[in-house]
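Trainee: Mind looking over this structure? Questions follow.
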Amino acid sequence: MSNVPGDLKYSSDHEWVRLQDDGSAVVGITDHAQGALGDLVFVEAPEVGSVVASGDAFGVVESVKAASDLLSPVGGEVLEVNSALDDTPEMVNTDPYGDGWLVRMQPSDASELDSLMDAAAYEQFLEDVD
Numbered sequence: 058m059s060n061v062p063g064d065l066k067y068s069s070d071h072e073w074v075r076l077q078d079d080g081s082a083v084v085g086i087t088d089h090a091q092g093a094l095g096d097l098v099f100v101e102a103p104e105v106g107s108v109v110a111s112g113d114a115f116g117v118v119e120s121v122k123a124a125s126d127l128l129s130p131v132g133g134e135v136l137e138v139n140s141a142l143d144d145t146p147e148m149v150n151t152d153p154y155g156d157g158w159l160v161r162m163q164p165s166d167a168s169e170l171d172s173l174m175d176a177a178a179y180e181q182f183l184e185d186v187d
């Protein structure tokens, strides 16, 4: 069973969002996603300052098995990228909800967060897709 922290929001594309006190949102991929991908060898992140729409690809993760687009769970401006992943992309595998985060964004429409799943709904979603 995948680890699904209760304090996050989840997309059907297996990205998670953690809303910060300043209104920004940290985004990563779920434990389920990193497990399905296998050992990550490369993470391509967007440029700081780029603007993405909800559902648009904002980067790529490559594993020994496959390459997969990262789809933004919310629209907004990229404020920060996790540059530590340049040298250690495997942090997404070992700590997907901590040091393995991907980007920090400023959501352009905070109400988009309301369309994401809570932990219970995401766990049910995982059961339904398996």
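For the sequence shown, the positions run 58 to 187 when the working numbering is used. Note that beta-carbon positions come from the ideal geometry of N, C-alpha and C, so glycine has one too.
Under the assumption that V160 contacts E180 (Cβ atoms under 8 angstroms), give the Cβ distance between them as a whole number of angstroms.
Mentor: Incorrect: roughly 24 angstroms between the Cβ atoms, too far for contact.
Trainee: Checking the sheet assignment: what are the DSSP bridge partners for M162?
Mentor: A82 and V135
Trainee: Please work out which residues of its chain come closer than 6 angstroms, Cβ to Cβ, to W73, disregarding the five sequence neighbours upstream and downstream, and give them in chain order.
Mentor: L65, Y67, G85 and T87
Trainee: Verify whether the separation of the beta carbon atoms of E101 and G116 is less than 8 angstroms.
Mentor: yes
Trainee: Is the segment 144-151 close to the segment 162-174, with three or more CB pairs under 8 angstroms?
Mentor: No: the two stretches stay apart, fewer than three of their Cβ pairs being nearer than 8 angstroms.
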